[in-house]
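Asker:
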Amino acid sequence: MTTLMEFKNVDVHYGPIQALKKVSLTVDEGEIVTLIGANGAGKSTLLMSIFGQPRISSGEIIYRGEDISQKSAHYVASHGLAQSPEGRRIFPSMSVEENLLMGTIPIGMDHAEEDMQHMFELFPRLLERRNQRASTMSGGEQQMLAIARALMSRPKLLLLDEPSLGLAPIIVKQIFQILKDVASTGMTIFLVEQNANHALKLANRGYVMVNGEIRMTGTGEELLVNPEVREAYLGGH
Amino acid sequence: MSQAVGINFKKSSIDALIAGFMALILFGPIVGVVLDGYGFNAEFGRVAWMVGIVVVGRFIMSSFFQTEKGKALAFRYANNNEGVEVLPPGHKSKMVWIIPLVIVIGLVLPFIASKYILTVVILGLIYVLLGLGLNIVVGLAGLLDLGFVGFYAIGAYGLALGYENLGLGFWSMLPIAAIMAAVAGAILGFPVLRMHGDYLAIVTLGFGEIIRLILTNWASFTHGPNGVSAPLPTLFGLEFKRRSSDGQTFHEFFNLPYDSAYKYMFVYLILFVVVWAVLFIKHRLVKMPIGRAWEALREDEIACRSLGLNHVLVKLSAFMLGASTGGLAGVFFASYQGFVNPSSFTFFESALILAIVVLGGMGSTLGVVIAAFCLTVLPEVLREFAEYRVLMFGILMVVMMIWKPRGIVRVTRTGFAARKGVVK
Chain E
1 MTTLMEFKNV DVHYGPIQAL KKVSLTVDEG EIVTLIGANG AGKSTLLMSI FGQPRISSGE
61 IIYRGEDISQ KSAHYVASHG LAQSPEGRRI FPSMSVEENL LMGTIPIGMD HAEEDMQHMF
121 ELFPRLLERR NQRASTMSGG EQQMLAIARA LMSRPKLLLL DEPSLGLAPI IVKQIFQILK
181 DVASTGMTIF LVEQNANHAL KLANRGYVMV NGEIRMTGTG EELLVNPEVR EAYLGGH
Chain F
238 MSQAVGINFK KSSIDALIAG FMALILFGPI VGVVLDGYGF NAEFGRVAWM VGIVVVGRFI
298 MSSFFQTEKG KALAFRYANN NEGVEVLPPG HKSKMVWIIP LVIVIGLVLP FIASKYILTV
358 VILGLIYVLL GLGLNIVVGL AGLLDLGFVG FYAIGAYGLA LGYENLGLGF WSMLPIAAIM
418 AAVAGAILGF PVLRMHGDYL AIVTLGFGEI IRLILTNWAS FTHGPNGVSA PLPTLFGLEF
478 KRRSSDGQTF HEFFNLPYDS AYKYMFVYLI LFVVVWAVLF IKHRLVKMPI GRAWEALRED
538 EIACRSLGLN HVLVKLSAFM LGASTGGLAG VFFASYQGFV NPSSFTFFES ALILAIVVLG
598 GMGSTLGVVI AAFCLTVLPE VLREFAEYRV LMFGILMVVM MIWKPRGIVR VTRTGFAARK
658 GVVK
């Protein structure tokens with residue numbers, strides 16, 4: 001398997017505060033990799049640093065053999081990296097279709113119809129609501145929309161920041177089922193999650209982040225049974 | 238409660254009394270105390286009238302909203318003011334016939350209207366241009382700009398100083414002023430790229446003031462508060478003066494008796510064409526990807542950036558296009574007045590333009606046109622009440638914010654689709 005994205009000794013500072021400390025991780029093509037950790041561990045910072053927000057202070061982010069750590073956000077987005085940001089961030093006053101079309105910005109509208117059709121197959125709920133304003137949908141539907149919007153740019157690597165945030169357990173289950181379906185099409189997924197149980201069950205490999213450092217790594221099953229992880233993130237049962 | 242449908246007059250009376258008391262506090266010092274030399278006269282009669290009108294009005298209103306009709310009306314307003322309405326992509330408005338009608342009326346107007354009406358309408362159209370420009374920045378891109386008058390001033394002074402120093406006339410300055418204003422927009426845009434909301438408002442407010450202070454204090458170049466005269470437009474070299482030092486004048490060429498109204502007619506007709514051109518361009522822009530990008534940026538900047546939208550380009554384009562429209566308006570203003578000085582470009586102008594955009598409905602083109610005429614033509618029509626103009630302005634604002642917080646014309650937007658009828 002070839003490496004798609006790699007973090008090499010990445011440091012990130014917010015002013016005097018160091019948010020990431022010598023973080024190294026790899027994402028291989030066709031894999032689902034998850035990064036779990038508590039609040040404030042630096043998970044979202046890591047994801048945002050791929051887009052240069054904030055810029056890393058040292059280290060390298062290699063994506064398909066190229067260091068993208070100093071590139072602008074739109075450059076990164078137009079080279080096959082798509083993000084579904086934390087808190088969904090859909091466009092509330094736009095219809096579902098319009099939101100999806102916004103996702104085609106990095107690649108242009110050439111495949112828009114075809115891809116939208118595909119998204120509606122993947123997320124039948126969105127088809128029902130295609131002309132509805134996005135703000136009028138439920139949280140789960142909005143999350144589906146955010147994921148679909150990210151997929152509209154035909155990414156090589158899908159970055160997801162806490163897709164389970166603020167959703168009911170049954171909806172979280174649905175979302176993870178959808179992610180499984182997306183992954184089965186060969187999509188590489190890098191998933192940042194607090195919901196360690198779901199994330200580790202889905203992922204091929206996982207990283208555990210504590211205070212800006214990678215504390216542990218292993219396959220999903222390994223981490224799921226690891227006593228330390230169970231204690232800290234799975235409530236000890 | 239025994240009375241299910243009836244009107245609760247007790248409640249209405251209480252409402253009326255409260256409103257009357259508020260009116261007494263408000264109008265008491267403003268209307269009741271009239272300065273007379275070093276002393277003052279208390280005019281209780283006038284206050285009583287004002288308060289009486291408010292009490293009766295509030296009573297009628299309160300009673301009305303308890304009837305079935307009133308309830309329905311209140312319900313409609315209460316539920317109808319949220320968000321942008323998205324129409325299906327293929328939607329065609331039934332009001333299209335109104336456009337040719339307005340064009341015909343607009344073209345006939347200068348030949349039947351008096352000179353006074355014409356000047357008022359010209360002023361209205363100038364504010365339409367300003368409103369449309371600011372509408373791009375505030376209404377579409379969601380960047381609160383309180384210094385818009387700066388671009389207006391750049392356009393106006395561009396014409397006046399360009400004529401004085403370089404001998405450039407109206408026609409050459411029209412595009413140059415638009416470009417100058419756009420460049421100024423970019424200069425303002427760069428430092429404020431990272432700012433939002435209040436911070437952006439303060440910086441832009443500062444920008445407007447800087448421009449005005451430069452115009453006031455750089456006396457060797459701008460003649461300071463004395464102002465500069467600005468040229469009138471020419472028709473293929475024909476001037477609209479009584480006598481021309483070089484070449485023929487308009488009335489001599491066409492063998493007409495001299496009439497100062499001709500120049501206003503001409504300014505009006507050019508302005509009319511330019512306003513329609515700007516309306517058309519704006520209409521197309523909103524449907525283009527750049528228009529969508531503006532609206533997306535207004536709704537959620539972080540989402541935009543995660544989608545790979547170049548926010549620098551999007552914000553700067555909004556600033557520059559808005560500014561260039563403001564610059565155009567400035568050229569017309571200078572030409573129509575024949576004279577510019579810094580007192581025309583105070584913060585009050587910025588506030589007025591912003592009021593036009595807010596009253597018209599953020600992002601709504603039609604609303605901006607209506608509001609621009611309301612706020613510029615109405616004060617002229619109501620000359621007799623000139624003293625109460627600002628009071629009326631304030632009342633209008635308060636009433637609008639209560640009843641129509643989304644503006645006169647609610648923003649409806651035709652949805653966009655990749656291509657019609659493909660996705661089933």
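Protein chains in written order, with this note's numbering: chain E, 1 to 237; chain F, 238 to 661.
Ideal placement from N, C-alpha and C gives every residue a C-beta, glycine not left out.
Does Ile539 of chain F get closer than 8 Å to chain E when you measure Cβ to Cβ?
Answerer: Chain E, which has a Cβ nearer than 8 Å to the Cβ of Ile539 of chain F, makes this yes.
Asker: If Leu200 of chain E and Met152 of chain E are in contact, beta carbons under 8 Å, what's the gap, nearest whole angstrom?
Answerer: So it is not a contact: roughly 28 Å between Cβ atoms.
Asker: Are the C-beta of Asn318 of chain F and some C-beta of chain E separated by less than 8 Å?
Answerer: With a pLDDT of only 47 at Asn318 of chain F, under 50, the local geometry of the prediction cannot be trusted, and no value is derived from it.
Asker: Quick one: which unbroken beta strand (DSSP E) runs of 3-plus residues sit fully inside the region 75-112 of chain E? Chain order, please.
Answerer: 81-84, all fully within the region 75-112 of chain E.
Asker: Taking the alpha-carbon positions, what's the Ala77 of chain E to Ala540 of chain F distance?
Answerer: If you take the alpha carbons of Ala77 of chain E and Ala540 of chain F, they lie about 12 Å apart.
Asker: So with CB distances below 7 Å, who are the chain F contacts of Ser78 of chain E?
Answerer: Within 7 Å Cβ-Cβ: Gly545.
Asker: Could you check the C-alpha separation between Arg230 of chain E and Arg535 of chain F for me, to the nearest Å?
Answerer: C-alpha separation (whole angstroms): 43 Å.
Asker: Would you please state the rounded distance, in angstroms, between the beta carbons of Gly676 of chain F and Ile645 of chain F? I believe it to be under 8 Å.
Answerer: Because residue 676 of chain F is not part of the residues shown, which for chain F are 238 to 661, the question remains open.
Asker: Could you compute how far the alpha carbon of Tyr233 of chain E sits from the alpha carbon of Phe7 of chain E?
Answerer: Whole-angstrom Cα-Cα distance: 24 Å.
Asker: Within the region 140-187 of chain E, note down every full alpha helix (DSSP H) run reaching 4 residues or more, in order along the chain.
Answerer: If we require 4 residues or more, the alpha helix (DSSP H) runs fully inside the region 140-187 of chain E come out as 169-184.
Asker: Name the residues in the region 64-78 of chain E whose C-beta lies less than 9 Å from a C-beta of chain F; which are they?
Answerer: Taking 9 Å as the Cβ-Cβ cut-off against chain F, the residues of the region 64-78 of chain E that qualify are Ser72, Ala73, His74, Tyr75, Val76, Ala77 and Ser78.
Asker: Beta-carbon within less than 8 Å of Ser239 of chain F's beta-carbon, same chain only, minus the 5 sequence neighbours each way: which residues are those?
Answerer: With a pLDDT of only 42 at Ser239 of chain F, under 50, the local geometry of the prediction cannot be trusted, and the value read off the model is given with reservation. No residues qualify anywhere along the chain.
Asker: Mind listing, in chain order, the continuous alpha helix (DSSP H) runs of no fewer than 4 residues lying wholly within the region 438-491 of chain F?
Answerer: As far as the region 438-491 of chain F is concerned, its whole alpha helix (DSSP H) runs of at least 4 residues are 456-459 and 487-490.
Asker: Tell me the residue span of the alpha helix (DSSP H) that contains Leu633 of chain F.
Answerer: Its alpha helix (DSSP H) spans residues Arg626 to Trp640.
Asker: So which residues on chain F does Gly103 of chain E lean against when the C-beta distance must stay under 9 Å?
Answerer: Residues of chain F passing the Cβ test: Leu544.
Asker: Quick one, which of E:Ala150, E:Phe123 and E:Arg88 has its alpha-carbon nearest Ile107 of chain E's?
Answerer: Checked all of E:Ala150, E:Phe123 and E:Arg88; the closest Cα to Ile107 of chain E is E:Ala150.
Asker: Within a Cβ cutoff of 7 Å, which residues of the same chain sit near Arg64 of chain E, ignoring the five residues on either side of it in sequence?
Answerer: So the qualifying residues of the chain are Leu4.
Asker: From this set, E:Met119, E:Arg125, E:Glu86 and E:Asn131, which residue's C-alpha is nearest Leu46 of chain E's C-alpha?
Answerer: Minimum Cα distance to Leu46 of chain E is reached at E:Glu86.
Asker: Quick check: is the beta carbon of Ala467 of chain F nearer than 8 Å to any beta carbon in chain E?
Answerer: Chain E, which has no Cβ nearer than 8 Å to the Cβ of Ala467 of chain F, makes this no.
Asker: Taking CB distances under 8 Å as the criterion, tell me whether Pro85 of chain E reaches chain F.
Answerer: True, the Cβ-Cβ gap to chain F drops below 8 Å.
Asker: Taking just the CA atoms, how far does Ala571 of chain F sit from Ile50 of chain E?
Answerer: Each residue's Cα considered, the two are about 51 Å apart.
Asker: Exposed or buried, Ser466 of chain F, counting other C-beta atoms within 10 Å across all chains shown (16 or more means buried)?
Answerer: The residue is exposed, with fewer than 16 neighbouring Cβ atoms inside 10 Å.
Asker: State the beta-bridge partners of Ser58 of chain E as determined by DSSP.
Answerer: E:Asp11.
Asker: List, in order along the chain, the chain E residues whose C-beta lies closer than 7 Å to that of Ala533 of chain F?
Answerer: Phe91 and Met102, listed in chain order.
Asker: From Leu452 of chain F to Pro347 of chain F, what does the alpha carbon distance come to, in whole angstroms?
Answerer: When rounded, the distance between both Cα atoms is 34 Å.
Asker: Using a beta-carbon distance cut-off of less than 8 Å, what residues from the region 37-55 of chain E approach chain F?
Answerer: Those would be Phe51 and Gln53, in chain order.
Asker: Closest to Asn402 of chain F by CA distance: which of F:Val358, F:Ala421, F:Ser457 and F:Tyr436 is it?
Answerer: Answer by Cα proximity: F:Ser457.
Asker: Let me know the alpha helix (DSSP H) ranges lying completely inside the region 198-227 of chain E, each 4 residues or longer, listed in chain order.
Answerer: Those alpha helix (DSSP H) runs which fall completely within the region 198-227 of chain E and span 4+ residues are 220-225.
Asker: In chain order, what residues of the same chain lie with their CB nearer than 8 Å to the CB of Ile359 of chain F, ignoring the 5 residues before and after it?
Answerer: These residues qualify, in order along the chain: Tyr501, Val504, Tyr505, Leu508, Phe569 and Tyr573.
Asker: Using 8 Å as the threshold, is the C-beta distance between Val606 of chain F and Val365 of chain F below it?
Answerer: For Val606 of chain F and Val365 of chain F, yes; Cβs fall inside 8 Å.
Asker: For Gly379 of chain F, tell me which candidate among F:Ile632, F:Trp640 and F:Gly559 has the shortest Cα-Cα distance.
Answerer: Per the Cα distances, F:Gly559.
Asker: By DSSP's criteria, Leu20 of chain E is part of a beta bridge. Which residues make up the other side?
Answerer: DSSP, once it has assigned bridges, lists E:Val12 as partnering Leu20 of chain E.
Asker: Mind checking who Asn278 of chain F pairs with in its DSSP beta bridge?
Answerer: DSSP output for Asn278 of chain F lists F:Val271 as bridge partner(s).
Asker: Go to Val33 of chain E, then tell me how far its beta strand (DSSP E) extends in each direction, as first and last residue.
Answerer: That run of the beta strand (DSSP E) goes Ile32 to Gly37.
Asker: Does DSSP put Val288 of chain F in a helix, a strand or coil?
Answerer: In the structure shown, Val288 of chain F sits in a helix (DSSP, three-state: H, G or I).
Asker: Between which two residues does the alpha helix (DSSP H) containing Arg125 of chain E stretch?
Answerer: Note, Arg125 of chain E: alpha helix (DSSP H), Pro124 to Glu128.
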